[in-house]
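Asker: Mature numbering (1 follows the signal peptide of the UniProt record, and there is no 0) puts the sequence shown at residues -16 to -1, 1 to 373.
Beta carbons are placed, not taken as given, at the ideal position from N, Cα and C, and that holds for glycine.
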Amino acid sequence: IMKWLLLLSLVALSQCQLTKVSLKKGKSLRQNLKEQGLLEDFLKKHPYNPASKYFPSFGDQFATEPLTNYMDVEYYGTISIGTPAQNFTVIFDTGSSNLWVPSIYCSSLACTNHNRFNPSDSYTYESTNESLSIQYGTGSMTGILGYDIVQVGGIMDTNQIFGLSETEPGTAFEYSEFDGILGLAFPSIASSGATPVFDNMMNESLVSQDLFSVYLSSNEEYGSFVMFGTIDSTYYNGSLNWIPLSAETYWQITMDSITIDGEIVACSNSCQAIIDTGTSLLAGPSTGISNIEFYTGTSNGTVLPSSLQVSCSAISSLPDVVFTINGVEFPLPASAYILDYSGSCTSGFESTGVPTSSGELWILGDIFIRQYYIVFDRTYNQVALAPVA
């Protein structure tokens, strides 16, 4: 998968008194309850109601991070790091867990073409002796880890570990519209054991609910966002369909089947899938993708205009590809899986080979996510989907 190419104010200076400050904070209510063995009883007394926006005991703490839709292949937002604030655009990626940005220690074009963090300019930066190395589907980075204040959508995360890149080899990030990556998956897959941003938000009780929700616009329209700590029912139709996670690594779920016109074309005996905002296309095992393309009359291509494979005039006659998950059908219309670039069209399906213990993994990227408002719930480790309004 060509991730990112496909995939592709803060605290006033007077508050910090222009000196190094300690960023350590006390344990959250959730941590204390868990350590005392009282969390389960607390949740029973204060049950989570998907139709309710808040835990009543936590107050109204939530924030919305607007995302820029770049050509329907990248969705990125602006965060700030340090005091005074240094701004960076980042991909909010549910398929990884680390936060990192380019730094002044990196001199490759991938770094110099983007904003670079300067730790000497932040009065609240704390260095470590830890290193970081991440290999993505396309692209990689190495660097060091440090701590600083990170602001995301108005939420001030005061003790966040993040990566400062020292190398970004190749061209994967060189021409990207974003500076870095903010991972929203689980700590279990975080490189160097770094605490993910959303985990820190939960640990510091910065959100009313331990969940976030995502809306991705289509056709380069405005309005995309990640919303931390709440659900906005105005963005979806009907009811949210809750799906338990099958692994707490990526946001991984079990799919029942993939059908076209009622006939199973892939995932015949169930299969594993992840919901990945950092992948632009919809990817799966080569056999399954070939079957889908055979039944839809499309062929595997890329989003590059030089690899056109599909007649745009055929979109209106092509069938839905239906993903059945936890007993509920989630159709993907041809208008979603055929990418139209000013009259030049190509398939939005991509073959990949990501193994799991139960077979190769399907990756439900932005092509799928644009059709559904999605909630990522860490309290009960589940996701919810509903058709976008």
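1) Mind checking whether G337 and I351 have CB atoms under 8 Å apart?
2) Is it the case that the Cβ atoms of I353 and I322 are separated by a distance below 8 Å?
3) Along the alpha helix (DSSP H) that carries F182, what are the first and last residues, could you check?
4) Looking only at its own chain, which residues have a Cβ that is under 6 Å from the Cβ of S81, when we skip the five neighbours before and after it?
5) Ends of the beta strand (DSSP E) at I358?
6) T261 and F76 - do their beta-carbons sit closer together than 8 Å?
7) Since C90 sits in a beta bridge, which residues does DSSP pair it with?
8) To the nearest angstrom, how far is the alpha carbon of F162 from that of Y59?
9) Mind listing, in chain order, the continuous alpha helix (DSSP H) runs of no fewer than 4 residues lying wholly within the segment 149 to 215?
10) Beta-carbon separation of M185 and D141 under 8 Å?
11) Count the other C-beta atoms from every protein chain shown that fall within 10 angstroms of the C-beta of T78, then say buried if there are 16 or more, exposed otherwise.
12) If I'm right that Y364 touches Y220 with Cβ under 8 Å, what's the distance once you round it to whole angstroms?
13) So Q355 packs on L316, CB below 8 Å; how close in whole Å?
14) Cα separation between V359 and V198?
15) Going along the chain, which residues of its own chain have a beta-carbon closer than 8 Å to the beta-carbon of N97, five neighbours each way excluded?
16) Under a Cβ-count criterion, where at least 16 other Cβ atoms within 10 Å of its own Cβ denotes burial, should S264 be classed as buried or exposed?
17) Exposed or buried, which one is E150 when buried takes at least 16 other CB atoms within 10 Å?
18) Cα separation between E49 and V136?
19) How many Å lie between G130 and L224 at the Cα?
20) Could you tell me how far apart the beta carbons of residue 382 and I227 are, in whole angstroms, since I believe they sit closer than 8 Å?
21) At what residues does the alpha helix (DSSP H) containing F278 begin and finish?
22) Take G164 and list the residues in its own chain whose beta-carbon comes closer than 6 Å to its own, dropping the five residues that flank it on each side.
23) With C-beta atoms as the reference, is P153 less than 8 Å away from S124?
24) Say whether the segment 301 to 320 touches the segment 243 to 250, bearing in mind that this needs 3 or more beta-carbon pairs closer than 8 Å, one atom from each stretch.
25) Nearest CA to the CA of S189: which residue from N275, I139 and Y234?
26) Please list the terminal residues of the continuous beta strand (DSSP E) segment that includes S124.
27) Can you check whether the CB of T108 is closer than 8 Å to the CB of T67?
28) For N53, list the residues DSSP reports as bridge partners.
29) Apart from the five residues on each side of it in sequence, which residues of its chain come closer than 7 Å, Cβ to Cβ, to S6?
Answerer: This is what the structure holds:
1) no
2) no
3) V181 to N187
4) G167, A169, I173, A174 and P180
5) Y356 to D361
6) yes
7) Partner(s): none; C90 has no beta bridge.
8) 9 Å
9) 181 to 187
10) yes
11) buried
12) Not really, about 19 Å apart at Cβ, beyond 8 Å.
13) 6 Å
14) 7 Å
15) E158 and Y159
16) buried
17) buried
18) 7 Å
19) 38 Å
20) Residue 382 lies beyond the range of the chain shown here (-16 to 373); nothing can be said about it.
21) S270 to T280
22) F72, V74, W84 and V85
23) yes
24) yes
25) I139
26) S124 to V136
27) yes
28) Y59
29) Interpretation of S6 is limited by its pLDDT of 29, a score under 50 that renders its predicted location unreliable; the figure taken from the coordinates is listed afterwards. If we look at S6 and ignore the five residues flanking it on each side, it has no Cβ neighbours.
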